[in-house]
Each structure stands twice: as structure tokens, then as C-alpha cells.
Amino acid sequence: MKGKTIAIIGGGPAGLMAAEVLSASGCDVTVFEAMPTFGRKFLLAGKSGLNITHSEEFDTFRTRFGRANARLRPALDEFTPQDIRDWALGLGTETFVGSSGRVFPKVMKASPLLRSWLRRLERQGVRLMPRHRWIGFEKDGYAFDTPSGPLLVHADACLLALGGASWPRLGSDAAWVAWLEACDIRTNPFRPANCGFDVAWSDAFRERLAGAPVKSVTATSEAGTIQGEFVISRHGIEGSLIYAHAAALRDRLEQAGGAALVVDLAPGRTEVRLARDLARQDRKASFANRLRKATGLEGVKAALLRECVPDASLLDAETIASRVKALPIPLLRPRPIEEAISSAGGIAWAAIDETFMLKQLPGVFAAGEMIDWEAPTGGYLLTACLATGRAAARGIEEWLAGR
Ligand SMILES: Cc1cc2nc3c(=O)[nH]c(=O)nc-3n(C[C@H](O)[C@H](O)[C@H](O)COP(=O)(O)OP(=O)(O)OC[C@H]3O[C@@H](n4cnc5c(N)ncnc54)[C@H](O)[C@@H]3O)c2cc1C
0 MKGKTIAIIG GGPAGLMAAE VLSASGCDVT VFEAMPTFGR KFLLAGKSGL NITHSEEFDT
60 FRTRFGRANA RLRPALDEFT PQDIRDWALG LGTETFVGSS GRVFPKVMKA SPLLRSWLRR
120 LERQGVRLMP RHRWIGFEKD GYAFDTPSGP LLVHADACLL ALGGASWPRL GSDAAWVAWL
180 EACDIRTNPF RPANCGFDVA WSDAFRERLA GAPVKSVTAT SEAGTIQGEF VISRHGIEGS
240 LIYAHAAALR DRLEQAGGAA LVVDLAPGRT EVRLARDLAR QDRKASFANR LRKATGLEGV
300 KAALLRECVP DASLLDAETI ASRVKALPIP LLRPRPIEEA ISSAGGIAWA AIDETFMLKQ
360 LPGVFAAGEM IDWEAPTGGY LLTACLATGR AAARGIEEWL AGR
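FYI, in numbering that gives the first Met the number 0 the residues of the sequence shown are 0 to 402.
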């Protein structure tokens, strides 16, 4: 690969991983990044500890990507969760498995890993060009806006690793969609993934409970029944349990025009027992007292029941028990993509071959979140970005070798 010039556009985890592989093979690699610094979303992920991968059985891990499972499988097989842990260790970052099976750096942040990664890339000869914003294809090159004016770059091969459409202020603004579509490359509309939802809370509920965590519940949607916790926000509901249901709820809202998350507020008790204990309460006591004594519900859980079932105090014991066990929270819409942890949508798989090359643009490859796949939180997102960055780099090598 000596002397082959590679332009990598986008300096997030997918682009940097491709730069690592290609520079190790002797290519002359330049990474162009629109922002003043590299890996901004990676650093933000570090604020919540940097859940870099997951320790569950690899056979299960490989099924977390929904419709994209089959297309991602070869890339994941070549760069497994264990490979990611070894790779991080090679950069001086030890990882550990948290109680949920999620894998984090021991330091619970991304900056030391990113710093030593960028240093190693520079030692390997990678040129890092911040403040270089790609603005589209021009003649047979790639046009950039740079601090010193326009720049036209030519390269033997190019990797686009421009990210998805969430948190655009960190750099991934999906401006590239129009440029690829102009080349007949199909993209699917971006939609929020791993996001919160709007709920029509009453003013009183919002003022009193925004920010309150709802702990030790289970929630059910077409994604299944999952245990965890979530947070009441000013707009609706947020948090890890909501993100686990987000794709299913978003799809249902789109298809049916309405959706509800069904919450079990007392997962440790049966409906029969709750009904019996509620029926035993003194009717003269306040509803709040009867509910607390019979079901253990108080605070935010009791308020949530009353918010979603305003006439709860008038209902019979069986009906109250059934609402406690299966409380539907009606959802209005997902929160905007600008707030979502990740996005669904992007370059359609049909537009990409097995080596991650764009079928309409030989020599131009794509990797990371700009391709149409989604996964829950749990380290799956970063794992697939790193793995596809690697796979696209191998695709580039193959393509250059075959020319
Ligand atoms: C709050 C938050 C927390 C997260 N936590 C986790 C987590 O714990 N675990 C996990 O697995 N995932 C997490 N993620 C998701 C993860 O960070 C992303 O999936 C991942 O960063 C995507 O990598 P990427 O390389 O595809 O794209 P990005 O990281 O988005 O990088 C793309 C780069 O391309 C640059 N770019 C875009 N357009 C241009 C252009 N025209 N010219 C030049 N450069 C351009 C952007 O500036 C950006 O730097 C989190 C995301 C968020 C927002």
C-alpha cells in the first residue's frame, strides 16, 4: 500500500479507526475534520463513562442491530468486543465490566484514550487536518472549506465517516445527504434513536415532578418487557429504560399515529395481591394512604398513576391494581433528533457493497453511523462504528490492491 493516498473525511471513531488500519499498512493517510478538534461525540460519550462495548455472549451481541444484523456481522466478527478491549488496553486504557455487562474504561472517561489514540496516529504518519469542512464533490476531487480558503483534494481512495444526524452541534450535521443523493446514492431519512419522548403532562405534574427518577419498574412495548428506571422530564420521559424501547415506540408512532409505553409500577407484586390489599383498606382513609399501604406506591410513582389515571381514586380495587401493573403512558412524539443519542437512517445498505464501497462511486467508501443501522445503548454503537471503520479500511486495501 506504500504511497497510496487516502482521504478520510470525518474524525470520529469510525474515521480514526480506518486511519489506524490504513496507515499501519503504509498508506499516506489524511483525516479531514470540520470541527476544531477530533472525536467530539466520542468525548461527549465519555461524560457518561464511555460505554465502549458489551460483555454479553458474542452470539447475542451480534443480534442487537435489528435489520442490519446480517450486513454488520462480518465487520463485527473481525473486530469483536474483546478486540475492542484489547485495542483500548494497547492505548493504555484498561476496561472493566459493569454490573449490567456493559464495558467501560476504568477512568470512566474518553479523553485519555482519545489523546493517546491521536498521538499514535500521528506517530504512524497520519496527517490530522482540523477545521477542514468537506463541501461536496468537485470534478474528480473533494472540495473543502479551510481557514486558508478553498481546497481541492485528490486521493487514490476516500472514506466518508461523517457520522449520523444526532447532536449536530458536535459536527455531524448530515449536510452530506444532498451531495450523495445527487450521485444517485440512496439514503433513508434520519430519525431519532435512543431518544426520549414527549408526553402531555399537566402543568402541576410537570412543575412538581420534572427531574424525578422512576426506579425499579418494568416497561413493555413491542421491544419486550425490560426492567430499569427512567426520568420524568419537563417534556415527557427520558433515560436508559426509555432508550431501550425507543426504536419500537418511534416506529409505532410513525405507523399507527399513537403509542404508549406500558409501565409496571410494582413489579414485585402480583395483580391479585394488589387488588386484595387495596380492597382491605379503610374506605374513609385518603386515596394516597390507601395506595401507599396496599401497594407501597408513593411519591413520583403514585403521582404518575394519578396523572395517567385521573379518576383512580374512584375506581374499584381490581381496576386500580390492573393500572398499577400495566400503566399506559401515552406518547406524543420522539424528542427532536438534535437531542437523541444516535440516529437511524442514512446511507441505504443497498447502496454499499460488502467491502463498504459506495456502488455508484468506486473508490469511495463509508463507515460508522452515517450508514442506516441502529442499536440500543450498551456499547453497541461505538463497537459498530469502530468495526465498520476497520472493515471499510480493509475494503479500501482490497480495492487498491485489485486495481
Ligand atoms: C450524549 C451521547 C452519549 C453517547 N454515549 C455512547 C456510549 O456510551 N456508547 C456508545 O457505544 N455510543 C455512545 N454514543 C454514540 C457514539 O458516540 C456515536 O455512535 C459515534 O460517535 C459515531 O461515530 P462516527 O465516527 O460514525 O461519527 P461521529 O462520532 O459523529 O464523527 C463524525 C465526524 O465527522 C465530522 N464531519 C461531519 N461532517 C463533516 C464535513 N462536512 N466535513 C468534515 N468533517 C465532517 C464531524 O464533525 C464528526 O467529528 C453517544 C452519543 C451521544 C450523543
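Virtual Cβ for every residue (Gly too), placed ideally from N, Cα, C.
Item to check | Touching by the beta-carbon criterion (3+ pairs, under 8 Å), the stretch 131–149 and the stretch 37–47 | outcome: no
Item to check | Bridge partner(s) assigned by DSSP for GLU137 | outcome: GLY140
Next on the checklist: Judging by CA-CA distance, which residue of PRO191, SER47 and HIS53 is the nearest neighbour of GLU368?
Outcome noted: PRO191
Next on the checklist: Going residue by residue through the stretch 312–354, where are the continuous alpha helix (DSSP H) segments of at least 4 residues, counting only ones entirely within it?
Outcome noted: 316–324
Checklist entry - Does the beta carbon of ASP371 fall short of 7 Å from some heavy atom of ligand 1? => result no
Checklist entry - Which runs of the beta strand (DSSP E), 3 residues or longer, sit entirely within the stretch 222–280? => result 223–231, 235–237 and 258–263
Item to check | Completely contained alpha helix (DSSP H) runs for the stretch 46–94, where each covers 4 or more residues | outcome: 57–60, 68–77 and 80–89
Next on the checklist: Following a CB-centred definition, is ALA160 positioned closer than 7 Å to any heavy atom of ligand 1?
Outcome noted: yes
Checklist entry - Do you know offhand how far ALA33's Cα is from VAL152's? => result 15 Å
Item to check | Meets three-Cβ-pair contact criterion under 8 Å: the stretch 68–82 and the stretch 378–397 | outcome: yes
Next on the checklist: Among the candidates VAL323, ALA203, ARG249 and GLY195, whose CA atom is the shortest distance from the CA of GLY238?
Outcome noted: GLY195
Checklist entry - Taking contact to mean at least 3 C-beta pairs separated by less than 8 Å, is the stretch 238–255 in contact with the stretch 266–277? => result no
Checklist entry - Would a C-beta distance cut-off of 8 Å place THR318 and ILE340 closer than the cut-off? => result no
Checklist entry - Which residue spans inside the stretch 166–229 form an unbroken alpha helix (DSSP H) run of at least 4? => result 175–180 and 202–208
Checklist entry - Mind checking whether ASP197 and ARG332 have CB atoms under 8 Å apart? => result yes
Next on the checklist: For GLY210 and GLN226, I'd like the C-alpha separation in whole angstroms.
Outcome noted: 20 Å
Checklist entry - Can you give the beta carbon distance from ALA173 to ALA164, rounded, assuming they're within the 8 Å contact cut? => result 4 Å
Checklist entry - Which two residues bound the contiguous alpha helix (DSSP H) that contains PHE103? => result Counting along the chain, PHE103 falls outside any alpha helix (DSSP H), though it belongs to the beta strand (DSSP E) covering 101–104.
Next on the checklist: I'd like to check one pair, ARG119 with LEU446: are the Cβ atoms closer than 8 Å?
Outcome noted: The shown model of the chain, from 0 to 402, leaves out residue 446, and the question about it has no answer.
Item to check | Touching by the beta-carbon criterion (3+ pairs, under 8 Å), the stretch 60–69 and the stretch 93–106 | outcome: no
Checklist entry - From PHE286 to PHE103, what distance separates their C-alpha atoms? => result 45 Å
Checklist entry - Which partner residues does PRO361 have in the DSSP bridge list? => result Its beta-bridge partners do not exist; DSSP assigns none.
Checklist entry - Looking at ALA69 and ARG185, is the spacing between their C-beta atoms short of 8 Å? => result no
Item to check | Closer than 7 Å: LEU43 CB and nearest ligand 1 heavy atom | outcome: yes
Checklist entry - Considering only C-alpha positions, which residue in the set ARG289, THR4, ILE7 and MET16 is nearest to LEU381? => result MET16
Checklist entry - In whole angstroms, what is the alpha-carbon distance linking VAL230 and ILE236? => result 6 Å
Item to check | Inter-residue spacing [alpha-carbon to alpha-carbon] between ARG233 and VAL213 | outcome: 14 Å
Checklist entry - Between which two residues does the beta strand (DSSP E) harbouring LEU159 extend? => result 156–159
Item to check | Reduced DSSP category for MET369 - H, G, I as helix; E, B as strand; rest coil | outcome: helix
Item to check | Coil, strand or helix - THR387 by DSSP | outcome: helix
Checklist entry - Which of the three DSSP states, helix, strand or coil, is assigned to PRO149? => result strand
Checklist entry - Considering only C-alpha positions, which residue in the set ILE8, GLY9, GLY11 and LEU21 is nearest to TRP398? => result LEU21
Next on the checklist: Tell me the rounded alpha-carbon separation between ALA349 and SER342.
Outcome noted: 18 Å
Checklist entry - So which of THR219, PHE355, GLY14 and ALA374 has the shortest CA-CA distance to LEU326? => result THR219
Checklist entry - In terms of alpha-carbon separation, which member of LEU49, GLY14, ALA259 and ASN187 lies closest to GLY424? => result The first residue shown for the chain is 0 and the last is 402, placing residue 424 beyond what the model contains.
Item to check | Nearest neighbour of PRO335, chosen from ALA245, THR217 and ARG130 [CA to CA] | outcome: ALA245
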